[in-house]
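What follows is a single structure, written as structure tokens, with notes after it.
In the working numbering, the protein residues as written are 3 to 301.
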């Protein structure tokens, strides 16, 4: 077998090859002939998610059932996740925008030239359709994720759902709000359940199903479109573009978290034993409820 060659032929290059074979065709004609053969320039299509987890369908049905229960009771439901980190500074932001002249940005994306590397953490309120983005300047940790949820509840959720005593969180199976980190569970107990008197139920999406999380298409999708092609030159600009996005008939709310969140924080087994945490019968690794250990102290 001879050596394999990988080439990408432009229309002029195809024309030159055809001319050497005695066929004089213009790039326009070549393009028409290719279209007649149902050929066009195409990008790769992300389609394969890898092997399905054996409990994928079971968990998906469980999440749908849990959403229906909470919706019927009028109890709050939120989809949460962190978006990819963004360099804050005069850097290129993917996408295009309607402008008279292109924005001039740095040639290289050096962290040393950035104000910081920011992490947008999104919270999609499923029942109202509204969204909130908390922009953090430290590491994307379970502690940061829980603080973002607590900030949303204190500013918006508690007002929108007066008298609620339960909260359903829909989260991915991995990352800062994944089903494995002990710190995620411990902080939910301390900062949400105990602090606000809420019974917090968490359902994690199975592997390869994170795109079903409402935060992805109801919040991050519109936000990404709104700031596409716009350099995020400052944290204020980043917050402004987020707030300028409309979802659920209202503008997205946004907040800034400058706190430092250390990584690799270990939670002792003794702390985990003191959690008021009940694993569900259905897919217990992906579903649990954390209940308050004390009367509600904050509203």
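The beta-carbon is built from N, C-alpha and C at its ideal position, and this holds for glycine as well.
All of these numbers come straight from a predicted model, not from anything done at the bench.
Item to check | Reference residue 136; option with closest CA among 34, 158 and 27 | outcome: 158
Item to check | Inter-residue spacing [alpha-carbon to alpha-carbon] between residue 104 and residue 85 | outcome: 26 Å
Item to check | Where the alpha helix (DSSP H) containing residue 71 begins and where it ends | outcome: 58-75
Checklist entry - Secondary structure at residue 163, three-state DSSP: helix, strand or coil? => result coil
Item to check | residue 17 - DSSP class collapsed to helix/strand/coil | outcome: helix
Checklist entry - Does the Cβ-Cβ distance between residue 96 and residue 211 come in under 8 Å? => result no
Item to check | residue 216, DSSP secondary structure in three states | outcome: helix
Next on the checklist: As a quick exercise: from 275, 226 and 290, pick the residue whose alpha carbon is nearest that of residue 207.
Outcome noted: 290
Checklist entry - Can you pull the DSSP bridge partners for residue 119? => result 89
Checklist entry - How many whole angstroms separate the CB atoms of residue 76 and residue 250, which I take to be in contact at a CB cut-off of 8 Å? => result At roughly 17 Å, the Cβ-Cβ gap does not stay under 8 Å, so residue 76 and residue 250 are not in contact.
Item to check | residue 302 vs residue 87 beta-carbon contact at 8 Å | outcome: This structure leaves residue 302 out entirely; the chain is present only between 3 and 301.
Item to check | C-alpha distance - residue 47 paired with residue 39, whole-angstrom precision | outcome: 20 Å
Item to check | Residues that DSSP places opposite residue 133 in a beta bridge | outcome: 126
Next on the checklist: Less than 6 Å between C-beta atoms, sequence neighbours within five positions excluded: which residues of the same chain meet that for residue 247?
Outcome noted: 224, 225, 228 and 254
Item to check | Per-residue burial, residue 189 [other beta carbons within 10 Å of its own, 16 or more giving buried] | outcome: buried
Checklist entry - Based on the DSSP output, what are the partners of residue 185 in its beta bridges? => result DSSP lists no partner for residue 185.
Item to check | Cut-off 6 Å between Cβ atoms - residues of its own chain near residue 193, not counting five sequence neighbours on either side | outcome: 148 and 152
Item to check | Rounded straight-line distance, which links the Cα of residue 265 to that of residue 73 | outcome: 35 Å
Next on the checklist: Please state the DSSP three-state secondary structure of residue 242.
Outcome noted: helix
Checklist entry - Near residue 113, which residues of its chain fall below 8 Å by C-beta distance, leaving aside the five closest residues on each side in sequence? => result 89 and 119
Checklist entry - Taking all protein chains shown into account, do 16 or more other C-beta atoms lie within 10 angstroms of the C-beta of residue 63, making it buried, or fewer, making it exposed? => result exposed
Item to check | Alpha-carbon spacing of residue 232 relative to residue 243, whole angstroms | outcome: 9 Å
Checklist entry - Using the rule of at least 16 other Cβ atoms within 10 Å of the residue's Cβ for burial, across every protein chain shown, is residue 109 buried or exposed? => result exposed
Item to check | DSSP-derived helix/strand/coil call for residue 173 | outcome: strand
Item to check | Bounding residues of the beta strand (DSSP E) (the contiguous stretch that carries residue 291) | outcome: 289-292
Item to check | residue 141 versus residue 262: straight-line alpha-carbon distance, rounded | outcome: 7 Å
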